[in-house]
Amino acid sequence: MKEFFKNSQDALVWCCKQGTMGNIYYDNSENPHSAMAVLGDFTYFDGEPSEDFALFGPPSAKKDYRIFVPCSKEWEEILEKCYEGKIRKITRYAMKKERDIFQKEQLKRAVETVLEKEIQLSFLDEKLFYECRKEEWSYDLTGQFSDFESFKKLGIGVVAVKNGEILAGASTYARYDKGIEIEVDTKSKYRRMGLAYGCSAALILACLEQEIYPGWDAHNLASRALAEKLGYHFLREYVAYEVYEK
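The sequence shown maps to residues 1 to 246 in UniProt numbering.
Here is the structure:
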């Protein structure tokens, strides 16, 4: 069988290829010409562009909101045609996957800054795991895992808590053999307080201690700026699409 996503540097594609999370679908099981890797909101396309395959809705894909990542201009044109009226072209920012770049003392100071505000930073236990699923803003901190046991086996996460309320968090969106892809979210009224920075710093420190690589792929310029503040270096811009199904 033809090998798809051969040179991909996307952590979510690695998860699908390794079978730890997500799924890969083909246009033809015996002699495939196209493939899609699906994990959470994301669908990555590879191979020969196909309208029929572009319109395929795999069972593991979300129904109301998806992020498409094409591998070529031809795939971009196909997706824009197939989803006209409900697709929006965006730019995402890939960060380099480099080891030994993180300044641990700087990350520890970021954690201390949150603690000085009398806000607790807690690793996700079973109670906090399910608390994250109760609100839309925090759902993706644990949303790619079916239950806490699955998360406990593969994931790691940190949340900022005050008076029993979760204010922000940094957690595992996906896991491959040597690392994770980080998800960061903050409740709207607690933004611009350094909570995303502190939670992310605590998660990165925990990952380094466990020899897990803390991967970061930025959805927008604010996410890229936060990543660079934490020590990551910018790699490249790439085209993606947000698709909203009514």
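From the three backbone atoms N, C-alpha and C, an ideal C-beta is built for every residue, glycine too.
Owing to the predicted nature of the structure, the values given are computational and were not obtained by experimental measurement.
- At a cut-off of 3 residues, the continuous stretches assigned as beta strand (DSSP E) that sit fully inside the stretch 162 to 205 are 165 to 176 and 179 to 186.
- When the beta-carbon positions are compared, Gly-157 and Phe-123 come within less than 8 angstroms of each other.
- The C-beta distance from Ile-166 to Ser-138 rounds to 6 angstroms, short enough to meet the 8 angstroms contact threshold.
- The beta-bridge partner set that DSSP reports for Gly-47 consists of Ser-34.
- Counting C-beta atoms within 10 angstroms of its own C-beta, Leu-121 has 16 or more neighbours from the protein chains shown and is therefore classed as buried.
- DSSP places Ala-61 in the coil class of the three-state scheme, outside both helix and strand.
- Rounded to whole angstroms, Asp-64 and Arg-92 show a C-alpha spacing of 20 angstroms.
- For Lys-17, the enclosing alpha helix (DSSP H) starts and ends at 11 to 18.
- In this structure Glu-131 is buried. Its beta-carbon is surrounded by 16 or more other beta-carbon atoms within 10 angstroms.
- Per DSSP, the unbroken beta strand (DSSP E) holding Phe-123 starts and ends at 120 to 123.
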